[in-house]
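Chains as they are written, first to last, in this note's numbering: chain F, 1 to 694; chain R, 1001 to 1087.
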């Protein structure tokens, strides 16, 4: 890739990330219309897309985004209120920019009419009045290169207006707003000088402010904010921390220090108090040496600095590097091969019984294990990103259907393998759509049922041992077993007299062609859904379960392995062949006592502590011809909530292996999900218990 | 005695409102203020509210404020003042 197209690619990726952030921020803004920070975030994001777009020749995008940026500028200046039409327009603009990005990369044409429509709607939002007669603010345009400070510094600012500040026509909130625009500000107003009503002159200003500001701007730029009030106030600006050496741990400032620096405390008083054991701030207030408000203000400064240091630490830890996915895949492959080779090395070393060699191979084993764990974790991504992307889906879809639904999430920081997350996307979308379409009722119906008009869908993820459990639950109508049963009968999926447990009835939902939607809406209900979802989940070696209570709601629980590349397995052998069963499914192993075995309706069953467990003879299943041993063993597994046994010759033990796929020639073989290479070079087949059971 | 503050609570109105409050307090021992209609509020307005609250704390429950409007909460937030939950 030549230089130019590399930069273009970087721009595209950056723009895509910004668009994701924009969508999330807009939805947040919809819930909190007064959040200035969200508005600023949106403005900055659009501004960046416009600026970089212009730089790399994406003139269409830059030109269009300019209008959105202008609108957002007016919003943050209070000239346009945050309203539902505005939110919808910003979302529409975001979608347009996304489409234009796609068109640009594919080289296809852009539909300008759509852009014109959105721009016209944006313009219509602008106020028709003459511009406000507010005193001119300093133009802090980001296109002008910032001179001086590139790094962040923290300043303590004390802004003490004179009593005649209001009379001179100054409104402090505007100054404080402007300060907030310069960076991260903690603002505390000091009210201590405000008298009681009897003594109050309402037009005098008694308030003064302590501000801690972390910013990249220079001290002069900060002073500029106060330029029009310099004559009407006392202003002190002090720089607080100087980050000179990276890696040097900055001690958070002690309260006493801060108060001393501010001259709110005399050194001798500080010394006197330090000899006691109570917290400095408390002591000073108790002893009436320092006003509680001043202590509070100093505490705020301490907290602000702590937060800034934390963020800086996080930034250093969180700096990341982009890596093309295929490079990562190659790395994972190589590591996998290394694990295999190392296993063989181990085996050979133990055969040779040379202590020096054994020592070295043990060290290599340790290092390779570390390398493997580390590489696997590279592919792990937080599922929170996927969860957040569904918020838009829920919003749009529920609006379409006239329902009020909110999406809540838990455990977004839970990590899963990148491939697993990608392949989970479609199933999750389908489950959520079902929930919105069939699960959550109309607001009227809900109110009648005594539920809040707004329904809730909750997505949660958490680690459970070697798995991740993802739950999608709603507080909707729940599943009606009668309806499901009736439908199944109608479709001939079950015989008339069959007595099914609630769990078994729920399982019917996963049958192909099943759908209980009374009307096939556009959204779901075509009946292609849940069986495909189940297959997708199973192809990820996961399981899917349903819990539901009629009238209360439904929960769908997915359990997935943390990684697709490695499996914890139980190694067994039949004759000269070795097989691996996934350990997560295995419950126990028992000897197969021929006397206890039995037959009911032609099925092999075994009595295990009073419970009837059907079993499969893998020898027969795989038509293995070698001689059967006297004593066989049976591995009892749990599949889909049922217990099934597999008869093998011997159970060898636990074995963690790297899974290799069998290759295209064998892809239709159902019972086997892959293979692994053992230490001595033999191939063991990994069995797919779900398929074996059918 | 009830006092409803109209749309504006700014430097231009604070003197008048202040006088009204003082008059009310002289006649009556209890004053109820309704702030829910305020759509414009500046620092002078917030300052007046601070003084009212401080006086109420000292004199004990003689002044009750209903509903700090959104505009008031907004301005208060910008200038770094937290009003405790509605009295």
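Glycine included, C-beta positions come from ideal geometry on N, C-alpha and C. Note that the coordinates shown come from a computational prediction; the quantities given were computed from them, not determined experimentally.
Report yes if the CB atom of residue 716 of chain F is closer than 9 Å to the CB atom of residue 570 of chain F, and no otherwise. Only positions 1 to 694 of chain F appear in the structure, and residue 716 of chain F is not among them; the question remains open.
What three-state label does DSSP hand residue 446 of chain F in the structure shown? The count along the first chain starts at 1 and reaches residue 446 of chain F at position 446. Helix at residue 446 of chain F.
3-residue-minimum beta strand (DSSP E) runs that sit fully inside the region 326 to 391 of chain F, ordered along the chain: Residue ranges of uninterrupted beta strand (DSSP E) with 3 or more members, entirely inside the region 326 to 391 of chain F and ordered along the chain, are 380 to 382.
Within chain F, the residues that residue 1037 of chain R reaches when beta carbons sit closer than 9 Å: The sequence position of residue 1037 of chain R within the second chain is 37, counting from 1. Within chain F, no residue comes near residue 1037 of chain R; the closest Cβ sits about 18 Å away, beyond 9 Å.
Leaving out five residues on either side along the sequence, give the residues of the same chain with a beta carbon under 6 Å from the beta carbon of residue 612 of chain F. Within the first chain, the letter at position 612 stands for residue 612 of chain F. Cβ within range, chain order: 605.
Using a 10 Å radius around the Cβ and a threshold of 16 neighbouring Cβ atoms, would you call residue 172 of chain F buried or exposed? As a working note, residue 172 of chain F is residue 172 in the first chain. Answer is buried; the Cβ neighbour count reaches 16.
Can you pull the chain R neighbours of residue 166 of chain F, defined as C-beta to C-beta under 7 Å? Here residue 166 of chain F refers to the residue found at position 166 when the first chain is read from its first residue. In chain order: 1011, 1044.
At the level of alpha carbons, what is the spacing between residue 1083 of chain R and residue 1012 of chain R? To locate residue 1083 of chain R, count along the second chain from 1; it is residue 83. To locate residue 1012 of chain R, count along the second chain from 1; it is residue 12. Each residue's alpha carbon lies about 22 Å from the other.
Quick one: what does DSSP say residue 13 of chain F is sitting in, helix, strand or coil? Here residue 13 of chain F refers to the residue found at position 13 of the first chain. Note: residue 13 of chain F maps to helix in three-state DSSP.
Strictly under 9 Å for the Cβ-Cβ distance: is residue 205 of chain F near chain R by that measure? Indexing the first chain from 1 puts residue 205 of chain F at position 205. Under the 9 Å criterion on CB atoms, residue 205 of chain F is classed as interfacial with respect to chain R.
Given 8 Å as the limit, is there contact between the region 357 to 373 of chain F and the region 446 to 456 of chain F, that is, 3 or more CB pairs closer than that? Touching, no, given that fewer than three Cβ pairs across the two stretches are closer than 8 Å.
With a floor of 4 residues, list each alpha helix (DSSP H) that falls wholly inside the region 523 to 594 of chain F, ordered by position along the chain. Runs found: 529 to 539.
Pair every Cβ in the region 429 to 441 of chain F with every Cβ in the region 468 to 475 of chain F, then say whether three or more of these pairs are closer than 8 Å. Under the three-pair Cβ rule at 8 Å, the region 429 to 441 of chain F counts as touching the region 468 to 475 of chain F.
Neighbourhood of residue 65 of chain F by C-beta, 7 Å cutoff - its chain only, sequence neighbours within 5 removed: The count along the first chain starts at 1 and reaches residue 65 of chain F at position 65. The beta carbon of residue 65 of chain F sits closer than 7 Å to the beta carbons of 46, 49, 50, 53, 97 from its chain, once the five residues preceding and following it are set aside; these are given in chain order.
Using beta-carbon positions only, say whether residue 1075 of chain R and residue 1039 of chain R come within less than 9 Å of one another. Within the second chain, numbered from 1, the residue matching residue 1075 of chain R stands at position 75. Within the second chain, numbered from 1, the residue matching residue 1039 of chain R stands at position 39. No, these two residues do not count as a Cβ contact at 9 Å.
Would you report the Cα separation of residue 271 of chain F and residue 279 of chain F, rounded to the nearest angstrom? As a working note, residue 271 of chain F is residue 271 in the first chain. As a working note, residue 279 of chain F is residue 279 in the first chain. Answer to the nearest angstrom: the Cα atoms are 13 Å apart.
Check the Cβ-Cβ distances between residue 189 of chain F and every residue of chain B, and say whether any is below 9 Å. Absent here is chain B; the protein component of the structure consists of chains F and R.
Please report whether the beta-carbon of residue 1055 of chain R lies at a distance below 9 Å from any beta-carbon of chain F. Residue mapping note: residue 1055 of chain R aligns to position 55 of the second chain, counting from 1. Residue 1055 of chain R counts as touching chain F.
Determine which residues of the region 1067 to 1080 of chain R have a Cβ less than 9 Å from any Cβ of chain F, and write them out in chain order. Those would be 1070, 1073, 1074, 1075, 1076, 1077, 1078, 1079, 1080, in chain order.
From the DSSP output, in three-state form, read off residue 1002 of chain R for me. Translated into the one-based positions of the second chain, residue 1002 of chain R becomes position 2. Strand at residue 1002 of chain R.
C-alpha gap between residue 296 of chain F and residue 169 of chain F, whole angstroms: Within the first chain, residue 296 of chain F is the residue found at index 296, counting from 1. Within the first chain, residue 169 of chain F is the residue found at index 169, counting from 1. Cα-Cα distance, rounded: 30 Å.
Suppose the cutoff is 6 Å on Cβ atoms and the five residues either side in sequence are ignored; what does the same chain contact list for residue 229 of chain F look like? Residue numbering aside, residue 229 of chain F sits at position 229 when the first chain is read from its first letter. The residues are 170.
In whole angstroms, give me the CA-to-CA distance for residue 29 of chain F and residue 38 of chain F. Numbered from its first residue, the first chain carries residue 29 of chain F at position 29. Numbered from its first residue, the first chain carries residue 38 of chain F at position 38. Their backbone Cα atoms lie some 6 Å apart in a straight line.
Residues of its chain near residue 691 of chain F, where Cβ-Cβ distance is below 6 Å and the 5 sequence neighbours each way are ignored: In the first chain, residue 691 of chain F corresponds to position 691, counting from 1. The residues are 670, 671.
Contact residues within the region 169 to 197 of chain F, judged by C-beta distance below 7 Å to chain R: Listed in sequence order: 171, 172, 173, 176, 177, 187, 188, 189, 191, 194, 195, 196, 197.
Could you run through the region 29 to 45 of chain F and flag, in chain order, every residue whose CB is less than 7 Å away from some CB of chain R? Correct list: 34.
For a contact meaning CB atoms closer than 9 Å, what does residue 1021 of chain R contact in chain F? Taking the first residue of the second chain as position 1, residue 1021 of chain R is located at position 21. 197, listed in chain order.
Whole-angstrom C-beta distance between residue 617 of chain F and residue 647 of chain F, which should lie under 8 Å: Taking the first chain and counting its residues from 1, one reaches residue 647 of chain F at position 647. Taking the first chain and counting its residues from 1, one reaches residue 617 of chain F at position 617. At roughly 5 Å, the Cβ-Cβ gap stays under 8 Å, so residue 647 of chain F and residue 617 of chain F are in contact.
Mapping DSSP to helix, strand and coil, what is residue 1007 of chain R? Position 7 of the second chain holds residue 1007 of chain R. Reduced to three states, the DSSP call for residue 1007 of chain R is coil.
Suppose contacts are defined by Cβ-Cβ distances below 9 Å. Is residue 344 of chain F in contact with residue 636 of chain F by that definition? Within the first chain, residue 344 of chain F is the residue found at index 344, counting from 1. Within the first chain, residue 636 of chain F is the residue found at index 636, counting from 1. Contact flag unset, no.
Please classify residue 1056 of chain R as buried or exposed, where buried requires at least 16 neighbouring CB atoms within 10 angstroms. One-based indexing of the second chain puts residue 1056 of chain R at position 56. The residue in question, residue 1056 of chain R, is buried, as its Cβ has 16 or more Cβ neighbours within 10 Å.
Residue 607 of chain F - partner residues in DSSP beta bridges: The sequence position of residue 607 of chain F within the first chain is 607, counting from 1. The partner list for residue 607 of chain F (beta bridge, DSSP) reads F:612.
Beta bridge counterpart(s) of residue 236 of chain F as assigned by DSSP: Position 236 of the first chain, counted from the start, is the residue given in the question as residue 236 of chain F. Residue 236 of chain F pairs with F:158.
Is the Cβ-Cβ distance between residue 1047 of chain R and residue 1001 of chain R less than 9 Å? By one-based count along the second chain, residue 1047 of chain R stands at place 47. By one-based count along the second chain, residue 1001 of chain R stands at place 1. Here residue 1047 of chain R is not near residue 1001 of chain R, since their CB atoms are 9 Å or more apart.
Counted within 10 angstroms of its Cβ, other Cβ atoms place residue 417 of chain F as buried (16 or more) or exposed: Here residue 417 of chain F is taken as the residue at index 417 of the first chain, counted from 1. Residue 417 of chain F sits buried, since 16 or more C-beta atoms from the chains shown fall within 10 Å of its C-beta.
Look up residue 94 of chain F in the DSSP assignment and say whether it is helix, strand or coil. By 1-based counting over the first chain, the position of residue 94 of chain F is 94. It is helical.
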